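The block underneath contains the structure these notes are about, expressed in structure tokens.
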Amino acid sequence: AAGGDLAHYAESDRAFHGAVLSLSGNQQLVQVAEDLHRRSQWPLSTGPVAGRRADLVADAAEHVALLDALTAQDLPVVSSLVREHFTGASG
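With my numbering applied, the sequence shown covers 3 to 93.
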């Protein structure tokens, strides 16, 4: 994220979300998320709206915080961070 390589960021972001969602054991959820991610991230890495998600470093920091909460099995924090992450991704 810090390097500003949007194509690499988009692929890393897809892999992160896929790995986290696979923990659910719900393969359909993983497949739906993969499709949504592919549709939403393609313009981020290649199109005229590249960089629409303004702060890639902040996004990566959200991922680190989420991994920390998952590792600690702190479900209330996980729930809060996921809500915040989705809110940030939509706007």
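Just so you know, even glycine gets a beta-carbon here, dropped at the ideal spot from N, CA and C. The structure presented is a predicted model; accordingly, all values stated were derived computationally and were not measured.
Item                                                                                               : Value
Close Cβ partners of Arg85 (< 8 Å) along its chain, the five nearest in sequence each way excluded : none
First through last residue of the alpha helix (DSSP H) which encompasses Gly20                     : 8–24
Span of the alpha helix (DSSP H), counted from its first residue to its last, around Ala60         : 58–73
Any chain B beta carbon closer than 8 Å to Ser24                                                   : No chain B appears in the structure shown, which is made up of a single protein chain.
Collapsed DSSP secondary structure at Gly27 in the structure displayed                             : coil
Neighbour-count burial assignment, Gly19, 16 or more Cβ in a 10 Å radius                           : Checking the displayed sequence, the identity of residue 19 turns out to be His instead of Gly. When all chains shown are included, His19 counts as buried.
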